[in-house]
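For the sequence shown, my numbering gives the first residue as 8, with consecutive numbering after it. Note that the Cβ used here is the ideal one computed from N, Cα and C, for glycine as well. None of these values were measured; they are calculated from a predicted model. Have a look at the structure below, then the notes.
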Amino acid sequence: TRISDLNITNVRHQPCELGNDSVFGIDSDGKAFIIDWRLGTTVMEMQLTQPELSEEVAKSAPSWVYGIHPETNRVAYGFGNYFSVGDFRKMQQQNDVLFEEMHSESLRQLQFERNGELLCSAGVDGLIQFFDMKQFSPKVDPDELLLDVINLEDSAVDRFVLVDDKLVFSIADDQNLRVHSLDDNLLVSQPLNISAFSASFYIDLLPSRHVFVGNPYGDIFLASLTAVQQDRTVFEGVCVLKGHKDVPRCVSWNGNDSHFILSGDDQGVVCMWNVRQSGSELQQGEQQQVNGGGSEGRRQVGYNRERQHRPY
């Protein structure tokens, strides 16, 4: 059942749900917004100030990135190698704490983990950094919050996910998927085998312990994570789902049966997949196109947990 459509333009990164019928986002021009998606009305809107970047950072394709943790009301947002942390309800007061030049090149991702107690940042410089948000306050130097750093050396980080608070899965522009332990450093580095790799892909982690990767050609790759912990091998039992004609940008799962997955692409097509797991092998099940056309493919897709057969 379609509830509403939002016409959000000029937004490169997927808006974040706030859990109160509203979404947060920042467009490519630095305009932050909160929109009530049921009413289609703007709750908050403000223009962010773009920091002055060095010539080197300006060459590393800077863009606005952001992450939200609704339960703690925290937002992290940045441009280039600067980012700020604060309360998304009070952004207009402009009292957010600035983290200056924590990366030597542009940011690619900001993400809260561990129930908001950890802030992770990743950049073109190949660094994934972890900051202690339990000690966060305007009076604490951001350098003192840095807990750990993963260095991919000469490879820019495109996307990462944190698993079980200790395993970090990352995709870099050298077409490798790496698995790091926050205790033991690099565990696995495995080629993705995706030709003509570009920034137009999506990676996520499903509750069924699979890594999801969508490539520029509409293909979806699923890989089991259990093999990583046991054998330290990646992509054992890869499943390739074909059906999209454009980049899959978002994925969601059924909370009652994680073998049912929804995916949406840039053309507005939402596909439902039935993926079954048997041992270490993944079998491709049926694919059904739920709806298509229009510009809503950039919106998040998801299951209503109380009505498991009806996607949002």
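Local conformation of residue i per DSSP, three classes
i	result
ASP108	The sequence as given places Glu at residue 108; Asp does not occur at that position. The answer is coil: DSSP assigns GLU108 none of H, G, I, E or B.
PHE143	coil
ALA163	coil
ASP190	coil
GLN320	Because the chain is modelled from 8 through 319, residue 320 falls outside the range shown and cannot be assessed.
ARG96	helix
PRO255	strand
ALA206	The pLDDT assigned to ALA206 is 46, lower than 50, so where the model puts this residue is not dependable, and the model offers no usable value.
VAL220	strand
ASP226	coil
GLY47	coil
ASP148	coil
ARG115	strand
VAL276	coil
GLN294	For GLN294, the predicted structure reports a pLDDT of 48, less than 50, and the residue's modelled location is therefore unreliable. The matter cannot be settled from this model.
HIS316	At HIS316, the pLDDT of 28 sits below 50, so the modelled position is not reliable; the number obtained from the coordinates is stated separately. Reduced to three states, the DSSP call for HIS316 is strand.
GLU303	Low per-residue confidence applies at GLU303: pLDDT is 36, beneath 50, and the placement is therefore not dependable enough to give any value.
Identified DSSP bridge partners for residue i
i	result
LYS38	GLN54
ASN183	PRO198
PHE138	LEU126 and LEU153
ASN158	LEU134
ASN27	According to DSSP, ASN27 bridges with nothing at all.
ILE281	First, the amino acid is wrong: residue 281 is Asn here, not Ile. Answer is PHE267.
LEU169	VAL175
SER91	TYR84 and LEU105
GLY32	PHE40
Local Cβ density within 10 Å of residue i, reported as buried at 16 or more and exposed below that
i	result
SER162	buried
SER91	buried
PRO69	buried
MET53	exposed
ARG45	exposed
THR8	For THR8, the pLDDT reaches just 38, beneath the cut-off of 50, and the residue's location in the model is therefore unreliable, although a value from the coordinates is still provided. With fewer than 16 other Cβ atoms within 10 Å, it is exposed.
ASP165	buried
LEU134	buried
VAL277	buried
ALA203	Because the pLDDT of ALA203 is 38, which lies under 50, any placement of that residue in the model is unreliable, and the number read from its coordinates should be weighed accordingly. Flag for ALA203 reads exposed.
ASN27	exposed
GLU112	buried
ALA83	buried
PHE228	buried
VAL186	buried
GLY35	Checking the sequence, you will find Ser at residue 35 rather than Gly. SER35 comes out exposed.
ASP94	exposed
SER285	With a pLDDT of 37 at SER285, under the threshold of 50, the modelled position of this residue cannot be trusted, and the question is left open.
VAL195	buried
ALA129	buried
PRO255	buried
VAL220	buried
ASP190	exposed
ASN88	buried
ASP272	buried
LEU193	exposed
ARG115	buried
- Query: If we count Cβ pairs, one from each stretch, closer than 8 Å, do we get three or more for the segment 67-79 versus the segment 19-34?
  - Reply: yes
- Message: List, from N- to C-terminal side, the beta strand (DSSP E) runs of 3 residues or more that fit wholly inside the segment 51-86.
- Response: 71-76 and 81-86
- Message: Is it the case that the segment 108-126 contacts the segment 176-186, given that we only count it when at least three CB pairs across the two stretches are under 8 Å?
- Response: no
- Task: Evaluate the contact criterion for the segment 42-49 versus the segment 83-103: three or more CB pairs, one atom per stretch, below 8 Å.
- Result: no
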